[in-house]
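See structure below.
Numbering (this note's numbering), first residue to last: -16 to 224.
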């Protein structure tokens, strides 16, 4: 970016303070450039989230017409905050630059899709994979293969194009697909486990794991009921275990 691109850019004090926390610079022309570049990159990630959200909303509408129900309960999105970005860059020994953020981080943009049933998670994931403008970079199935603590979710790292006034850019984002039960457990587990100034015991971790197993059993039972109610009209996407 040329210097004259920043002449008419208004940079708030809050933006300046955030950029200092990321790059550790004093206020300067260079800080202004970095602030502008960082804000522009974040806007690109926001556009990527909107593109992905729209894709899921379209799929939700299509499936509601086909199956007379909506597989998506809710969609949440978030941009990783500047402090979290900086910490992740430092932990992984990545250079602290805007270019490095885009090159090295896959989860700056995050979309969480909360589904009604386990089958819906896989049905939506498969439908997304078939779209020719979506590139699947990585997939981790923590539903078929839960984490040791009981965490369950299907994670996808994807690349999606965004169309700007004068260019097309391909941005990466992390998608988490999970059921209502999985999301409730994950939210409560995070609140309990990461409470400040409290040491989480082994017994408590084991109890949380039991709760995760109960949550998984609930999902399986509800999915079985869904099959009976809809008489298996829906395509079974559950993976073999």
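We put the CB at the ideal spot given by N, CA and C, even for glycine.
None of the values given here were measured: they were computed from a predicted structure.
Beta-ladder partner(s) of residue i, from DSSP
| i | result |
| --- | --- |
| residue 154 | 143 |
| residue 124 | 137 |
| residue 15 | Beta-bridge pairing links residue 15 to no other residue. |
| residue 149 | Bridge partners of residue 149: none, in fact. |
Residue from the options with nearest C-alpha to residue i
| i | options | result |
| --- | --- | --- |
| residue 135 | 118, 115, 172 | 172 |
| residue 67 | 57, 50, 59, 79 | 79 |
| residue 120 | 194, 87, 146, 43 | 87 |
| residue 106 | 32, 160, 191 | 160 |
| residue 35 | 103, 108, 19 | 108 |
| residue 133 | 158, 170, 150 | 170 |
| residue 141 | 130, 158, 151 | 158 |
| residue 33 | 51, 59, 20 | 59 |
| residue 146 | 15, 21, 30 | 30 |
| residue 137 | 122, 151, 150 | 122 |
Chain-order list of residues whose beta-carbon lies under 8 Å from that of residue i (same chain, five-residue window excluded)
| i | result |
| --- | --- |
| residue 28 | 62, 91, 92, 154, 156 |
| residue 116 | 143, 144 |
| residue 39 | 55, 58, 94, 96, 107, 111 |
Sequence-distant residues of the same chain with beta carbon closer than 7 Å to residue i, five excluded per side
| i | result |
| --- | --- |
| residue 224 | Bear in mind that a pLDDT of 45 at residue 224, under 50, signals an unreliable position, so the model cannot answer this. |
| residue 199 | 135 |
| residue -15 | Reliability of the predicted coordinates at residue -15 is poor, the pLDDT of 35 falling under 50, and the value obtained from them is presented with this limitation in mind. Once the five neighbours on either side are set aside, residue -15 has no close Cβ partner at all. |
| residue 85 | 24 |
Cut-off 6 Å between Cβ atoms - residues of its own chain near residue i, not counting five sequence neighbours on either side
| i | result |
| --- | --- |
| residue 176 | 183 |
| residue 202 | 101, 162, 164 |
| residue -10 | Only weak support is given to the placement of residue -10: the predicted model assigns it a pLDDT of 44, under 50, and the question is left unresolved by the model. |
| residue 209 | 100 |
| residue -8 | Legend: pLDDT at residue -8 = 45, less than 50; position of this residue unreliable, no value from coordinates given. |
Limits of the alpha helix (DSSP H) - the one that residue i falls within
| i | result |
| --- | --- |
| residue 211 | 185 to 212 |
| residue 135 | Taken as a continuous stretch (DSSP letters only), residue 135 belongs to no alpha helix (DSSP H), as it is neither H nor E. |
| residue 174 | 163 to 176 |
Residue i - containing beta strand (DSSP E), residue span
| i | result |
| --- | --- |
| residue 52 | Segment: none, residue 52 is in no beta strand (DSSP E) and carries neither H nor E. |
| residue 117 | First-last for residue 117: undefined, no H or E at that position. |
>> Could you tell me which whole alpha helix (DSSP H) segments of length 4 or greater appear in the stretch 74 to 113?
In response: As far as the stretch 74 to 113 is concerned, its whole alpha helix (DSSP H) runs of at least 4 residues are 81 to 87, 101 to 112.
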